[in-house]
Amino acid sequence: MESSWPSSSYDGIYQVTQHMASTQQSEGDCLSKDHFSSLPDRVHLDLKQNDFTDLLNIWDKWGATTRANFDRKYGHIARLLKVQIDEQLLKAIVQFWDPSYRCFVFNKVDMVPTIEEYSALLQIDLDNPDKIYWRGQKTGHRRKLAKMMGITSAEVDQNLRKKGDNECIPWSFLRSYIMKQRDTEQGQLVMALAIYGLVIFPKVLGHIEVGIIDFFEQVVNKANPSPSILAETLRSLNYCRRKGEGRFVGCAQLLSIWIVSHFECKVDKFRKPFHPQTAPIREFCESEWPENRTKEQWISRFRELMSVEVTWRAPWMPHHPVLYKCGNEPWVPLMGPWGAISYAPIMVRRQFGSEQFVPMTHRLNTLEFAYGEPGFLKRIEEIAQAWKKTSRVDQGRYTDEVTTGYQIWHDQRVKDVVYPKEDALRGPVDPEPRDALLESELARKKSEAENASWKQRYEDLQKECEKMKREVSEQRKKVRKMEGKYESLNDKFSATTSELQREIQVRENRGNELQTHNDGLRRQVRFQQESIQLLRQEYEELEGVMTTYQQEYERLKQQSTRIQEWGESYRQAYTEKYNQMDYLVWQMREVAYKARSMAWKTDILRSQIFPVGKQEQQLIKYLDEVYSHYNKIGEYF
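For the sequence shown, full-length UniProt numbering begins at 1 and goes up steadily by one.
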């Protein structure tokens with residue numbers, strides 16, 4: 001159930017007994033005193049099952065490791081494939097089903113399968129047994145099946161079939177998938193889905209009804225399947241009993257194991273419930289059972305059934321606190337894949353090895369509906385809320401007795417049971433009331449059973465005593481023989497003891513030396529450890545410094561790169577300037593050469609001019625200045 005973690009209380013047996021008695025007295029039973037049963041006299045039960053051949057072949061081909069892994073993940077559901085149902089027995093017990101009290105009424109005995117019993121059979125490991133399946137408004141079965149199988153929703157749609165009012169997936173489709181994925185986790189997952197759809201909830205033969213897909217998806221997520229399995233079992237029993245006919249769509253295998261374990265377990269191979277390798281379903285198949293009876297023989301037996309004939313607590317059932325109510329109602333609501341129903345495990349406390357007292361049954365028959373009925377979503381939410389507050393009762397001392405008030409209540413209770421009318425099964429008219437005869441027969445059979453038990457115990461003790469006498473005689477002979485050996489061994493022991501004492505002294509001295517040496521080694525080790533610690537600290541410090549230097553080196557490396565780039569740029573600029581200067585020097589030398597040439601020409605021109613007049617003198621002076629100027633330029637370059 002997708003909800004917060006539920007709270008569970010554990011109630012003392014005395015408080016529960018007192019509360020039940022007072023409330024039952026004030027509220028009454030679920031049927032009024034004027035109730036008249038309208039059930040048919042006979043029930044024609046159809047127990048047709050699916051063919052498990054292919055499932056068994058797949059299971060048998062798996063190795064031991066794969067089977068063990070499957071059992072660990074999904075419980076012992078695959079073991080149900082090998083359970084042979086007793087059809088005659090199941091057809092007989094449905095005649096004794098009370099739809100109002102949700103239990104079988106065999107004469108003065110009330111019995112019903114319980115969540116705890118089905119959980120013990122299936123051996124499913126659960127962290128929280130109160131996490132149950134609950135139906136949402138939309139199941140999303142297409143998407144969920146596609147995810148399980150790793151296919152598309154379109155492929156799922158292609159394989160959906162309509163069988164009457166039911167939408168289904170053919171077993172042939174899943175079988176071909178499992179054969180391809182047999183050794184994979186997905187193959188095991190779909191195998192488990194098929195077992196739930198074909199064995200535990202066989203609603204449509206040869207097909208898996210789509211409601212199972214939503215249920216199984218929650219089981220994979222650790223929801224407890226037992227309440228849902230029980231819900232559809234009770235709902236199917238109610239339907240068939242009220243109608244007088246119908247096909248049983250609950251788990252016939254679990255119901256067969258349950259009923260036979262309470263009546264016919266003569267020679268069994270069951271391990272104790274707390275044994276780590278207990279496997280009740282497999283052990284049930286290996287146990288020996290009496291020959292099958294006919295339906296009429298079973299009916300005759302159940303009509304006259306006495307309490308002493310019942311194996312109240314099944315041999316595979318552990319002894320622990322039992323869930324007896326959810327929320328405010330004095331019973332437990334159950335939700336299956338197709339509907340919900342209530343049941344009262346407090347009515348069958350002897351099946352848990354506890355004393356039976358008067359139970360509360362008020363309003364027990366008010367909760368039963370199929371999904372899709374008006375207001376079903378609100379009722380589902382109410383059930384979900386009730387499961388958030390569960391109550392369990394301590395079992396008290398181990399017994400199969402009943403309180404005085406219970407027997408009176410059971411006799412006076414109005415029952416919704418109609419036994420089949422068969423003149424052949426009726427005995428002669430008794431001269432005294434039937435109830436008195438039944439009580440007398442009950443006491444007589446109980447006394448005979450106790451006497452037979454004590455007689456068998458006495459014979460066993462006699463055999464045990466004779467066996468012990470023989471063992472004592474043998475032991476005495478062995479003691480006398482051992483006494484002679486003891487004397488010789490005692491002498492050897494004394495000599496050996498002295499030798500050992502000397503050896504012990506030598507070893508003690510050697511031990512002291514080793515201890516001294518060991519102490520020295522320990523001191524050295526401590527010194528080395530301290531040195532190592534100091535070196536580790538120095539290493540960490542050097543590592544930090546090295547990191548700093550590494551960072552500085554990277555910075556300088558980057559700076560050097562930039563400097564190299566700058567130097568290259570400067571070198572190129574210098575070369576360019578040098579070339580320019582060289583060109584300028586060449587130009588200036590050209591100028592100097594021309595200046596010398598001009599000075600030479602000026603000197604020649606001056607020598608040709610005579611200082612006759614003032615103008616000639618000025619011209620000579622000017623030519624001298626020009627000569628001097630050009631000559632300086634020529635000398636400079």
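Glycine is no exception: its CB is placed at the ideal position from the N, C-alpha and C atoms.
Next item on the list: Tell me, to the nearest whole angstrom, how far the beta carbon of S342 is from that of T311; I am working on the premise that it is less than 8 Å.
Entry: Locating residue 342 in the sequence shown gives position 342, where the first residue counts as 1. Locating residue 311 in the sequence shown gives position 311, where the first residue counts as 1. Contact annotation, S342 with T311: C-beta distance approximately 27 Å; criterion of less than 8 Å not satisfied.
Note to self: Can you look up F201 in the DSSP assignment and give me helix, strand or coil?
What the structure shows: Here the question's residue 201 lines up with position 201 in the sequence shown. In this structure, F201 counts as coil in the three-state DSSP scheme.
Next item on the list: Pull up the CB-CB distance for D394 and P321, whole angstroms please, since I reckon it's below 8 Å.
Entry: Within the sequence shown, residue 394 is the residue found at index 394, counting from 1. Within the sequence shown, residue 321 is the residue found at index 321, counting from 1. Confirmed, about 6 Å.
Notebook entry, point to check: Alpha carbon to alpha carbon, how far is D624 from A573?
Noted result: Translated into the one-based positions of the sequence shown, residue 624 becomes position 624. Translated into the one-based positions of the sequence shown, residue 573 becomes position 573. Between D624 and A573, the alpha-carbon positions lie close to 44 Å from each other.
Margin query: Taking only three categories from DSSP, how would you classify P170?
Written below: Residue numbering aside, residue 170 sits at position 170 when the sequence shown is read from its first letter. P170: strand per DSSP, three-state reduction.
Notebook entry, point to check: Does the distance from the CB of Q351 to the CB of M111 come in under 8 Å?
Noted result: As a first step, residue 351 is located in the sequence shown; it is residue number 351 there, counting from the start. As a first step, residue 111 is located in the sequence shown; it is residue number 111 there, counting from the start. Yes, the pair counts as a contact, with Cβ atoms nearer than the cut-off.
Check: Cβ atoms of Y419 and Q95: under 8 Å apart, would you say?
Finding: Here the question's residue 95 lines up with position 95 in the sequence shown. Here the question's residue 419 lines up with position 419 in the sequence shown. Yes; because the gap between Cβ atoms is below 8 Å, this pair is in contact.
Margin query: Considering just the uninterrupted stretch of the alpha helix (DSSP H) at L255, what are its terminal residues?
Written below: Taking the sequence shown and counting its residues from 1, one reaches residue 255 at position 255. A252 to S261 is the extent of the alpha helix (DSSP H) around L255.
Next item on the list: Assuming I93 and F104 form a contact by the criterion Cβ under 8 Å, report the distance between their Cβ atoms to the nearest whole angstrom.
Entry: Within the sequence shown, residue 93 is the residue found at index 93, counting from 1. Within the sequence shown, residue 104 is the residue found at index 104, counting from 1. Contact flag correct, Cβ pair sits at about 6 Å.
Check: Since D46 and G244 are thought to touch, with beta carbons under 8 Å apart, how far apart are those beta carbons, to the nearest angstrom?
Finding: The count along the sequence shown starts at 1 and reaches residue 46 at position 46. The count along the sequence shown starts at 1 and reaches residue 244 at position 244. At roughly 12 Å, the Cβ-Cβ gap does not stay under 8 Å, so D46 and G244 are not in contact.
Item checked: Nearest candidate by alpha-carbon position, reference R72, set D41, L605, Q123 and G28 -> For the purposes of this step, residue 72 is taken as residue 72 along the sequence shown, with counting starting at 1. Residue Q123 is the option with its Cα nearest to R72.
Notebook entry, point to check: In the region 294-334, which residue ranges form an unbroken alpha helix (DSSP H) of at least 4 residues, counting only runs that do not cross its ends?
Noted result: 295-303
Margin query: Nearest by alpha-carbon distance to M149: which of M179, I132, S391 and L121 is it?
Written below: By one-based count along the sequence shown, residue 149 stands at place 149. M149 has its Cα closest to that of M179, out of M179, I132, S391 and L121.
Note to self: Just to confirm the assignment: which complete alpha helix (DSSP H) runs, minimum length 4, are found wholly within the region 347-425?
What the structure shows: Whole alpha helix (DSSP H) segments, 4+ residues: 376-386 and 404-412.
Margin query: Would K48 and L205 qualify as a contact pair, given that the criterion is a beta-carbon distance under 8 Å?
Written below: For this step, residue 48 is matched to residue 48 along the sequence shown. For this step, residue 205 is matched to residue 205 along the sequence shown. Yes.
Next item on the list: Compute the Euclidean distance between the alpha carbons of R470 and N490, then round it to the nearest angstrom.
Entry: The count along the sequence shown starts at 1 and reaches residue 470 at position 470. The count along the sequence shown starts at 1 and reaches residue 490 at position 490. Whole-angstrom Cα-Cα distance: 29 Å.
Next item on the list: Would you kindly check if the distance between the Cβ of A384 and the Cβ of E329 is under 8 Å?
Entry: Numbered from its first residue, the sequence shown carries residue 329 at position 329. Numbered from its first residue, the sequence shown carries residue 384 at position 384. With contacts defined by Cβ atoms closer than 8 Å, E329 and A384 do not form a contacting pair.
Checklist line | Closest by C-alpha distance to H141, when choosing among Y118, I169 and K163 | finding: As a position in the sequence shown, residue 141 is number 141, starting the count at 1. Put simply, of Y118, I169 and K163 the residue whose alpha carbon is nearest the alpha carbon of H141 is I169.
Notebook entry, point to check: Who are the Cβ neighbours of E27 in its own chain at under 6 Å, not counting the five residues just before and after it?
Noted result: Translated into positions along the sequence shown, residue 27 becomes position 27. Only H362 meet the Cβ criterion.
Note to self: Spatial neighbours of N159 within its chain, please: C-beta separation below 8 Å, excluding the five flanking residues on both sides.
What the structure shows: Taking the first residue of the sequence shown as 1, we reach residue 159 at position 159. Cβ neighbours of N159 beyond the five flanking positions: I169, P170 and F173.
Check: How long is the line joining the alpha carbons of R241 and G339, rounded to whole angstroms?
Finding: Counting from one through the sequence shown, the residue named residue 241 turns up at place 241. Counting from one through the sequence shown, the residue named residue 339 turns up at place 339. One C-alpha to the other measures close to 17 Å.
Next item on the list: Could you check the C-alpha separation between I604 and Q564 for me, to the nearest Å?
Entry: Indexing the sequence shown from 1 puts residue 604 at position 604. Indexing the sequence shown from 1 puts residue 564 at position 564. Put simply, the backbone Cα of I604 is about 59 Å away from that of Q564.
Check: Can you list, in chain order, the residues of its chain whose CB lies under 7 Å from that of L305, leaving out five sequence neighbours each side?
Finding: The residue you call residue 305 lines up with position 305 of the sequence shown. So the list reads F106, N107 and V109, once near-sequence residues are dropped.
Next item on the list: Measure the C-alpha to C-alpha separation of P337 and I259 and round it to an integer number of angstroms.
Entry: The residue given as residue 337 occupies position 337 in the sequence shown. The residue given as residue 259 occupies position 259 in the sequence shown. Cα to Cα, P337 sits roughly 24 Å from I259.
Next item on the list: Kindly list the residues whose CB is nearer than 8 Å to the CB of K61, restricted to its own chain and excluding five residues on each side of it in sequence; keep chain order.
Entry: To locate residue 61, count along the sequence shown from 1; it is residue 61. Around K61: R182.
Note to self: In whole angstroms, give me the CA-to-CA distance for V472 and K478.
What the structure shows: Taking the first residue of the sequence shown as 1, we reach residue 472 at position 472. Taking the first residue of the sequence shown as 1, we reach residue 478 at position 478. V472 and K478: Cα-Cα distance of roughly 10 Å.
Notebook entry, point to check: P280 to L500, Cα distance in whole Å?
Noted result: Here residue 280 refers to the residue found at position 280 of the sequence shown. Here residue 500 refers to the residue found at position 500 of the sequence shown. Going from the Cα of P280 to the Cα of L500 covers about 57 Å.
Next item on the list: Name the residue from T548, S569, V83 and E381 whose alpha carbon lies nearest to the alpha carbon of R282.
Entry: Indexing the sequence shown from 1 puts residue 282 at position 282. Out of T548, S569, V83 and E381, V83 has the C-alpha closest to the C-alpha of R282.
Check: Where does the unbroken beta strand (DSSP E) through A340 begin, and where does it stop?
Finding: Start at 1 with the first residue of the sequence shown, and residue 340 comes out as number 340. A340 -> beta strand (DSSP E) spans G339 to Y343.
Next item on the list: Count the other C-beta atoms from every protein chain shown that fall within 10 angstroms of the C-beta of C251, then say buried if there are 16 or more, exposed otherwise.
Entry: Residue mapping note: residue 251 aligns to position 251 of the sequence shown, counting from 1. Burial call: buried.
Margin query: Using C-beta distances below 6 Å, list every residue in its chain close to V156, excluding the 5 sequence neighbours before and after it, in chain order.
Written below: For the purposes of this step, residue 156 is taken as residue 156 along the sequence shown, with counting starting at 1. Excluding sequence neighbours, V156 sits near R142, L145 and A146.
Notebook entry, point to check: Rounded C-beta distance between K415 and G327? I'm assuming under 8 Å.
Noted result: The residue you call residue 415 lines up with position 415 of the sequence shown. The residue you call residue 327 lines up with position 327 of the sequence shown. In fact, because the Cβ distance is near 27 Å, the residues do not count as touching under 8 Å.
Margin query: What does the alpha-carbon distance come out to for the pair Y627 and A592?
Written below: Here residue 627 refers to the residue found at position 627 of the sequence shown. Here residue 592 refers to the residue found at position 592 of the sequence shown. It is roughly 13 Å from the alpha-carbon of Y627 to the alpha-carbon of A592.
Notebook entry, point to check: For N225, which residues of its own chain have a beta-carbon under 6 Å away from its beta-carbon, when the five flanking residues on both sides are left out?
Noted result: Counting from 1 along the sequence shown, the entry for residue 225 is found at position 225. The residue you asked about is not Asn; residue 225 is Pro in the sequence shown. Counting only Cβ-Cβ distances below 6 Å, and skipping sequence neighbours, we find V219.
Note to self: Could you give the first and the last residue of the continuous beta strand (DSSP E) run that contains K82?
What the structure shows: Within the sequence shown, the letter at position 82 stands for residue 82. Bounds of any beta strand (DSSP E) do not take in K82, whose DSSP letter is neither H nor E.
Notebook entry, point to check: Any idea which residues DSSP pairs Y10 with across the strands?
Noted result: Residue numbering aside, residue 10 sits at position 10 when the sequence shown is read from its first letter. According to the DSSP secondary-structure assignment, Y10 is paired through a beta bridge with R392.
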